[in-house]
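Colleague: Structure below; questions to follow.
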Amino acid sequence: MKNYTIILSGILIGCLICAPVLAALPDGNRMENLGERAAQTAMNELGFTTGDTNVVVLTNAGRAVVNGQTTERAVSGITDECGLQNAENTLWVVNRPDYKPLWFYFYNKNSGKGLYLEPDTAFYSRSESDLSTITISDTFSKNVVVTGDLNQMLANPEIGDKTMKDLGSNSGVVAITNAWAHGAPYDMMTAVMLHDHFCPGVSSGYILAKYVEEKMPITDGKSYVVISSPTWCKDDVFPMLWDLTPGKSGQYRYAISDADQEKLALKYGTRPAGIYILWDNEAKTGHAMLLGFRFDESA
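The numbering of the sequence shown is our numbering, which starts it at 586 and goes up by one.
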């Protein structure tokens with residue numbers, strides 16, 4: 586009973602602290618309208634119709650907070666306007682700090698074209714009556730169509746360089762959308778969203794996880810435990826696939842020096858990638874595998 590009281594007290598304190606902030610939030614309808622405008626712009630620029638499964642949108646809506654306003658309603662606006670949605674694997678929210686500007690990136694895999702949008706900050710502060718006078722084209726301070734197909738970018742480096750320059754710090758969306766276009770599994774995409782970009786490191790974590798699931802399948806009463814040493818991008822896969830985090834236990838991270846990694850690689854012929862345990866919590870026993878990963882042979 587004491588534990589429940591402590592938990593309840595913590596929840597109440599958190600609510601009391603957040604209440605003044607929540608009470609001050611403006612109407613989220615503006616964010617929904619913004620999502621609708623983004624979808625309309627994308628449909629015009631990229632030439633697709635409602636519910637087109639050849640198009641995906643990435644955004645940090647739902648993560649970004651603008652002038653104290655959360656932005657998740659922008660996601661609803663996109664879905665309502667053009668039918669892109671997470672349930673159809675055509676809408677993904679990318680993890681970003683809440684203080685970063687709101688953005689949208691639509692990609693049409695048939696044409697290889699992408700559209701990057703950032704709202705004009707004036708849109709957030711205009712009066713309700715003024716909003717109806719703002720044209721869709723004036724809604725976004727950054728509205729740029731890019732070549733987002735990696736094959737096209739590699740075939741013409743000048744085009745590729747322009748795409749990366751136009752996207753700036755959000756150029757990582759190119760790798761994510763190309764992975765999506767080539768059939769990246771849904772569960773892999775969830776890990777990529779947490780990691781916020783697609784790279785060999787996060788894909789190595791997915792390969793390791795699937796190998797463990799094959800060799801040590803989960804049965805009733807058992808769970809996975811990961812001792813990550815060394816750590817790299819792979820470790821952002823396990824919170825999403827296996828619900829393991831350092832805070833909730835189940836994932837333990839330890840640094841290992843480059844010199845020790847080289848010694849282990851020399852001895853075992855592969856780079857160490859951690860210890861993976863199938864744990865029986867009732868019996869307090871587990872079966873473990875020490876795994877390595879060869880990036881040059883994973884293909």
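Beta carbons: idealized from backbone N, C-alpha and C, even for Gly.
How many angstroms separate the CA atom of residue 858 from the CA atom of residue 814?
Modeller: 6 Å
Colleague: Rounded to whole angstroms, what's the CA-CA distance from residue 682 to residue 646? Just pull it up for me.
Modeller: Computed Cα separation, rounded: 11 Å.
Colleague: Just the Cα atoms here: how many angstroms apart are residue 697 and residue 664?
Modeller: 22 Å
Colleague: Assuming residue 651 and residue 709 form a contact by the criterion Cβ under 8 Å, report the distance between their Cβ atoms to the nearest whole angstrom.
Modeller: 6 Å
Colleague: Could you please give the first and the last residue of the uninterrupted alpha helix (DSSP H) stretch that includes residue 865?
Modeller: Run containing residue 865: none in the alpha helix (DSSP H); it sits in the beta strand (DSSP E), 856-865.
Colleague: Can you tell me whether residue 529 is buried or exposed? The criterion is at least 16 other CB atoms within 10 Å of its CB, across all chains shown.
Modeller: With the chain covering 586 to 884 only, the question about residue 529 has no answer from this structure.
Colleague: Among the candidates 751, 759, 752 and 687, whose CA atom is the shortest distance from the CA of residue 737?
Modeller: 759
Colleague: For the alpha helix (DSSP H) that residue 643 lies in, which residues bound it at each end?
Modeller: No alpha helix (DSSP H) contains residue 643, which is instead part of the beta strand (DSSP E) from 640-644.
Colleague: Might you give, ordered along the chain, the residues of its own chain that have their beta carbon closer than 6 Å to the beta carbon of residue 874, omitting 5 neighbours on each side?
Modeller: 861
Colleague: Assuming residue 732 is part of the beta strand (DSSP E), what are its boundary residues?
Modeller: 725-732
Colleague: Report the three-state DSSP secondary structure of residue 819 (helix, strand or coil).
Modeller: Residue state, collapsed to three classes: helix.
Colleague: Consider the Cβ of residue 753: report whether some Cβ of chain C lies at a distance smaller than 8 Å.
Modeller: Included in the structure is just one protein chain, with no chain C present.
Colleague: Could you pull the start and end residues of the beta strand (DSSP E) that residue 810 belongs to?
Modeller: Note, residue 810: beta strand (DSSP E), 807-813.
Colleague: State the Cα-Cα distance for the pair residue 659 and residue 618, rounded to the nearest angstrom.
Modeller: 7 Å
Colleague: Within a Cβ cutoff of 6 Å, which residues of the same chain sit near residue 729, ignoring the five residues on either side of it in sequence?
Modeller: 701 and 751
Colleague: Based on Cα-Cα distance, which residue from 655, 850 and 806 lies nearest to residue 868?
Modeller: 806
Colleague: Mark residue 829 as exposed unless 16 or more other C-beta atoms lie within 10 angstroms of its C-beta, in which case mark it buried.
Modeller: Classification for residue 829: buried.
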